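Working notes, structure below.
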Amino acid sequence: NNLKEGMIYLQVTRGVADRSFDMPKDEIKPTVLAFTQEKKIIESEGAKNGIKVMTLDDMRWKRCDIKTTQLLYASMAKTEATQKGFDDAWMIRQGYITEGSSSNAWIIKGKIIMTRHADNLILSGITRDAIFKCAKDLGYEVVTKNISLQDAQSAHEAFITSATAFITPVVKINSNQIGDGKPGKFVTALREEYIKQALASAI
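Its first residue numbered 10, the sequence shown is counted upward by one per residue in our numbering.
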């Protein structure tokens, strides 16, 4: 096709069978859905100016590490955030940030990059995994730990990662400005490194 910049989305489900909560006993053929979407992802508005996120209680089930189509609460969280003038939502469970509505959450203090450890409460995406290598190549230390809202709001920089957002700076969390309210130099350098490696290796 003529798509020059955008995304290709693949969704694989169990396949066609009788409607029942019981998994089919016989082997069935998975259903594969694919579509493309034209979208500016290299020079996006969010990358240029940063995004604002608000925090919400994480009301999702406890197997967020499984990629499913059960995205109702994530959709509700994103909708509430945009209705209140934010770009996205970061979810909090038991006092700690888990992840965004469709992205992983990160903060930077000094030259240390922090994100939640991979467990059942986040979807550890391909982009998240790639950041560890990019950060190391740039001489940053990456630490996985529980991150409180206070940790995030006192960060020097913050950002999200996802397959289509790549690395997008966060410049405001709730009413709290991050840094000088503009995309920081570390996040900018990390995004540039990620795009360079992605174009070279298709990560």
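Built from N, CA and C at the ideal position, the CB exists for glycine as well.
All figures in this text were calculated on a predicted structure; none of them were measured in a lab.
Residue i bridges to which residues according to DSSP?
| i | result |
| --- | --- |
| P178 | F168 |
| M16 | Q46 |
| V41 | V21 |
| N10 | N10 is not bridged to any residue. |
| N185 | I182 |
Report the CB separation of residue i from residue j in whole angstroms; it is logged as a contact under 8 Å.
| i | j | result |
| --- | --- | --- |
| K205 | H165 | Their Cβ separation, rounded to whole angstroms, is 23 Å, which puts K205 and H165 out of contact at 8 Å. |
| I131 | N113 | 7 Å |
| L199 | C143 | 6 Å |
| F168 | W99 | With a Cβ gap of about 11 Å, F168 and W99 do not count as contacting. |
| I106 | L147 | In fact, because the Cβ distance is near 23 Å, the residues do not count as touching under 8 Å. |
| S73 | N155 | Reading off the sequence, residue 73 comes out as Cys, not Ser. About 15 Å separates the two Cβ atoms, so there is no contact after all. |
| R102 | D67 | 4 Å |
| P139 | S110 | At residue 139 the sequence reads Ala, which differs from the Pro that was named. Not really, about 20 Å apart at Cβ, beyond 8 Å. |
| A17 | A26 | For clarity, residue 17 is Ile in the given sequence; the question names Ala instead. Going by Cβ atoms, the distance from I17 to A26 rounds to 27 Å, so no, they are not a contact pair. |
| T45 | G94 | With a Cβ gap of about 30 Å, T45 and G94 do not count as contacting. |
| V41 | L12 | Wrong, their Cβ atoms sit about 19 Å apart, outside the cutoff. |
Between which two residues does the alpha helix (DSSP H) carrying residue i extend?
| i | result |
| --- | --- |
| R137 | I135 to D146 |
| F195 | K194 to S210 |
| D35 | D35 -> no alpha helix (DSSP H), and no H or E assigned at all. |
| D160 | L158 to Q162 |
Tell me where the beta strand (DSSP E) around residue i begins and ends.
| i | result |
| --- | --- |
| V152 | E150 to T153 |
Where are the beta strand (DSSP E) runs, 3 residues long or more, that stay fully inside the stretch 58-132, in chain order? 60-66, 97-102, 105-109, 113-118 and 121-124
Cβ pair count under 8 Å reaching 3, the stretch 119-128 against the stretch 83-97: no
Hey, is the stretch 174-183 in contact with the stretch 40-55, meaning 3+ C-beta pairs nearer than 8 Å? yes
For the stretch 55-74 against the stretch 180-197, do three or more pairs of beta-carbon atoms, one drawn from each stretch, fall closer than 8 Å, so that the two count as touching? yes
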